[in-house]
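Asker: Under the UniProt record's numbering, read the sequence shown as residues 1 to 82, first letter to last.
Take this structure, written in structure tokens, and hold onto it; I'll ask about it next.
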Amino acid sequence: VGTRHCNTQNGEHCLAALVRVEKTEFLTPMFIGEVAHVTAEITYTSEHSLEVQVKVMAENVLTGAKKMTNKAALWYVPCSLQ
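See the structure below:
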């Protein structure tokens, strides 16, 4: 998500480098056999950094029940490939 956003601003190619894990929450355990669904959303941008909120859901494949297991706030900065 971060690298895609960094490469839409101008013609210079870059990668997003993780520089800070602001917060990580382990809410409930995920068990063997459950499917992990990971979603990421950019929640803040500036000229020099961006924040990404990540959520992890566990799905029980037998019942279809889903529960949130983890949340995190991650900060990225663009790193030039040149």
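We put the CB at the ideal spot given by N, CA and C, even for glycine.
Give the DSSP bridge partners of residue 70, in chain order.
Answerer: Answer by DSSP bridge pairing, in chain order: 26, 56.
Asker: Below 9 Å between beta carbons: does that hold for residue 27 and residue 60?
Answerer: Their beta carbons are not under 9 Å apart, which means residue 27 does not touch residue 60 by this criterion.
Asker: Between 17, 80, 24, which has its C-alpha nearest residue 54's C-alpha?
Answerer: For residue 54, the nearest C-alpha among the options comes from 24.
Asker: Take residue 78 as the anchor and find which of 36, 47, 37 has the nearest alpha-carbon.
Answerer: Out of 36, 47, 37, 47 has the C-alpha closest to the C-alpha of residue 78.
Asker: If I'm right that residue 58 touches residue 34 with Cβ under 8 Å, what's the distance once you round it to whole angstroms?
Answerer: 4 Å between Cβ atoms; contact.
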